[in-house]
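J.: Residues 458 to 665 in this note's numbering are what the sequence shown spells out, letter by letter. C-beta atoms are modelled at their ideal positions from N, C-alpha and C, and glycine is treated no differently.
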Amino acid sequence: MTTPITGLYAIADTQLIDSETLTEKVAQAIAGGARLIQYRDKTHHSTQRQHQAQQLKTLCQQHGVPLIINDNIELAKKIRASGVHLGRDDDDIKLARKTLGKDAIIGISCYNDLARAIEAEKGGADYVAFGRFFDSPTKPNAIQAESGLLKQAKTTLTIPIVAIGGISSENGGYLIDAGANSLAVISGVFAATNVYAAAWAYSKLFSH
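1. Spell out the partners DSSP gives A586 in its beta bridges.
2. Can you give the Cα-Cα distance for A572 and V522, rounded to whole angstroms?
3. Tell me the rounded alpha-carbon separation between Q505 and S626.
4. Check whether the Cβ atoms of G564 and A586 sit closer than 8 angstroms, and answer yes or no.
5. Rounded to whole angstroms, what is the Cα-Cα separation between A649 and I618?
6. At which residue ranges does the region 478 to 520 contain complete beta strand (DSSP E) runs of 3 or more residues, listed in the order of the chain?
7. Does the separation of the CB atoms of L493 and I462 fall below 8 angstroms?
8. Can you have a look at L607 and say buried or exposed, based on whether 16 or more other CB atoms are within 10 angstroms of its CB?
9. Per DSSP, which one or two residues make a beta bridge with G540?
10. Of all the options H520, Q509 and I600, which has the alpha carbon lying nearest to the alpha carbon of I526?
11. Give me the Cβ distance between V642 and I474, rounded to the nearest whole Å; I'm assuming they're in contact under 8 angstroms.
12. Between A620 and A637, which are expected to be in contact by the criterion C-beta below 8 angstroms, what is the C-beta distance as a whole number of angstroms?
13. Determine the closest residue to I616 out of E576, L662, S644 and G605, with distance taken between C-alpha atoms.
14. So what's I624 in DSSP terms, helix, strand or just coil?
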């Protein structure tokens with residue numbers, strides 16, 4: 458993997474974004490400075506899912522932004538996405554690496570578990586994600602993580618650290634200072650009236 462994992466990581470969740478506006482809103486997020494895009498779909502039929510993912514892949518390619526597929530190694534392979542993000546109950550890193558190749562970006566959700574992150578790095582993950590750090594409208598029952606975990610992870614891991622969960626442009630800087638290389642945001646970007654402006658507000662946090 459040669460792509461740096463840094464800046465705003467915008468997660469396009471189809472439970473939040475209408476199919477008709479998905480590509481347009483992702484384009485706005487990229488224009489606002491998003492450095493990575495993740496496509497997350499738990500609702501559509503596989504044919505619709507592949508169509509949407511392919512559209513986003515084309516858009517992301519045009520702008521030089523990696524597209525990560527959530528929880529679906531086969532879809533990532535089909536559309537030749539930049540990589541895949543895996544959670545606790547998903548396929549393992551070895552299968553993802555074997556399927557997608559050595560250059561794929563493989564990210565792992567580690568919640569509030571530093572030991573899981575250490576194992577993920579040993580297993581070949583390209584980044585790990587911790588959180589939620591704040592109350593999240595997308596995942597209200599997600600495991601709570603504390604900012605001290607980011608400081609621990611920063612001294613323990615050599616791969617990039619992504620923070621997720623209830624992150625706003627007001628509290629995001631606090632997590633960057635604690636050790637996050639990237640902020641993963643769903644509703645803070647895609648539920649905003651002005652997606653471009655919301656993305657820009659997060660992106661600016663990394664320029665200070």
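T.: The short version:
1. S566 and V619
2. 30 angstroms
3. 32 angstroms
4. yes
5. 25 angstroms
6. 493 to 497
7. yes
8. buried
9. I525 and I562
10. Q509
11. Going by Cβ atoms, the distance from V642 to I474 rounds to 13 angstroms, so no, they are not a contact pair.
12. 4 angstroms
13. E576
14. coil
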